[in-house]
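> First to last, the protein sequences are chains A and B. Using the numbering used here, read the first sequence as starting at 79 and increasing by one per residue. Using the numbering used here, read the second sequence as starting at 79 and increasing by one per residue. One structure follows; several queries about it will come next.
There are 2 protein chains.
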Amino acid sequence: MDRQECESLLMRHGVKSTPNRVIVAEALSEAREPVSLSELEEKIVSIDKSGIFRTLALFRGHHLVHVIDDGSGSARYELCHSEDEHDDDDQHLHFYCEVCRRTFCLSEVPVPEISVPQGYEVTSTNFVLHGICPECSRK
Amino acid sequence: MDRQECESLLMRHGVKSTPNRVIVAEALSEAREPVSLSELEEKIVSIDKSGIFRTLALFRGHHLVHVIDDGSGSARYELCHSEDEHDDDDQHLHFYCEVCRRTFCLSEVPVPEISVPQGYEVTSTNFVLHGICPECSRK
DNA sequence: TGCATTTTGCAACCGTGTTGCATGAAGTTA
DNA sequence: TAACTTCATGCAACACGGTTGCAAAATGCA
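Written out as structure tokens, the structure reads:
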């Protein structure tokens, strides 16, 4: 996703475009896997971590990114694929490799239907499988 | 679970019984919901947090407790129900209430079967639903 | 009893995440 | 353009959970 596409993405989600925000959006779109705040810090040396943090918080509020807690101790962010600002349903399962400590999106695997007991109201889900990824188990 | 039951639980899992460990095991068994390290600190004033931490790490290594990451920023621990030291399959879904910030065990809900893509080896799962619990949504 | 080993408490530390504050940029009005 | 307001940003400091080093205390054993 190039600069212009990122800018229009921001607009569509009601986020005012600034140079920093475009940089963060580009970095997110370039990442194949969900990225942590510290990984973004490494990647984007021109912006202070508080700026990246605040940008991510803003993005989150506008449903531009969602957060995955893979148990690694730091949250990971990825761009929402859905264009609908209020649709959080582009969720999918994630796989955390305990060897290489990377988090994979299991896009192919359908998200299981869960029927919760009466009274519980579900707003989002966080399904993470832990184990060893193909690359690491081959060794 | 009283002191003696806790002691025998430790033994069965190959953990040497000490006064502190029994105290931690009792606290865990008394908790209805998975508890965090800081909650244990509050509950057990007689033991330093490093001691509680090390005890939990020991318990984890002997499959006496398992860890749930509910996204609240701190891990939560609960006693394994399975007696088999090598059986981690007493896992169940958890529900994190965003209002009261408590974590519930959804014991009744079956854990969904996930068929992962070829090559991935799953060792454990962490399925957490976020939303509003019956108690909070009633208000 | 003396010795080796384990357990524990204390204090310090690390990293992620978060906030206060002052500066700086951008937009608005006259 | 100048004066003003609003928003975005960088810097530094902080909060917190988690973790470790180390020395003292407790335990087990010869």
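All C-beta atoms in this analysis are idealised placements derived from N, C-alpha and C, irrespective of residue type, glycine included.
Identify whether ARG154(A) lies in helix, strand or coil by the three-state DSSP scheme.
The answer is strand: DSSP assigns ARG154(A) an E or B state.
> ILE146(A) bridges to which residues according to DSSP?
Bridge partners of ILE146(A): ARG154(A).
> Alpha carbon to alpha carbon, how far is GLU163(B) from SER128(A)?
Residue confidence for GLU163(B) is low, a pLDDT of 48 falling below 50, so the modelled location carries little weight; the figure read from the coordinates is stated next. C-alpha separation (whole angstroms): 44 Å.
> Please list the terminal residues of the continuous alpha helix (DSSP H) segment that includes CYS214(B).
It spans 212-215 - the alpha helix (DSSP H) in which CYS214(B) sits, taken as one unbroken run.
> Quick one: give me the first and last residue of the alpha helix (DSSP H) that CYS84(B) is part of.
Its alpha helix (DSSP H) spans residues 81-90.
> Going by beta carbon distance, what residues of the same chain come within less than 7 Å of PHE131(B), once the five residues before and after it are set aside?
Here the set comprises LEU115.
> Using the rule of at least 16 other Cβ atoms within 10 Å of the residue's Cβ for burial, across every protein chain shown, is ALA103(A) buried or exposed?
Buried, since its Cβ has 16 or more Cβ neighbours within 10 Å.
> Could you check whether CYS211(A) and CYS183(A) sit closer than 8 Å to each other, using their CB atoms as the reference points?
Not a contact, by the Cβ cut-off of 8 Å.
> Kindly say whether PRO190(A), judged by its beta-carbon, lies nearer than 8 Å to any beta-carbon of chain B.
So yes, PRO190(A) belongs to the interface.
> Compute the distance between the beta-carbons of PRO190(B) and ILE125(A), then report whether it is under 8 Å.
The answer is no: Cβ separation not under 8 Å.
> Does TYR155(A) get closer than 8 Å to chain B when you measure Cβ to Cβ?
With 8 Å as the cut-off, TYR155(A) does not count as an interface residue toward chain B.
> By Cβ distance, which residues of its chain are closer than 6 Å to GLY197(A), with the 5 residues on each side in sequence left out?
For GLY197(A), where only same-chain residues beyond five positions count, there are no Cβ hits under 6 Å.
> Roughly how many angstroms lie between the CA atoms of HIS170(A) and VAL187(A), to the nearest whole one?
C-alpha separation (whole angstroms): 7 Å.
> Determine contact between the segment 83-103 of chain A and the segment 133-151 of chain A, defined as no fewer than three beta-carbon pairs at a distance below 8 Å.
Output reads yes: the segment 133-151 of chain A touches the segment 83-103 of chain A.
> What are the boundary residues of the beta strand (DSSP E) that includes THR181(B)?
Note, THR181(B): beta strand (DSSP E), 181-184.
> Short of 7 Å in beta carbon distance, which residues of its chain neighbour LYS121(B), apart from the five on each side in sequence? Order them along the chain.
Only ALA105 meet the Cβ criterion.
> TYR41(A) and VAL206(A) look like a contact to me (Cβ under 8 Å); what is the Cβ gap, rounded to whole Å?
What the structure shows of chain A is the stretch from 79 to 217, and residue 41(A) is not part of that stretch, so it cannot be assessed.
> Going along chain B in order, which residues have a C-beta closer than 9 Å to the C-beta of VAL200(A)?
Going along chain B in sequence order, the residues near VAL200(A) (Cβ under 9 Å) are PHE173, LEU207, HIS208, GLY209 and ILE210.
> Would ARG110(B) be called buried (16 or more neighbouring beta carbons within 10 Å of its own) or exposed?
Under this definition ARG110(B) is an exposed residue.
> Taking HIS144(A) as the reference, which of ARG81(A), SER202(A) and GLU83(A) has the closest Cα?
When each option's Cα is compared against that of HIS144(A), the closest is SER202(A).
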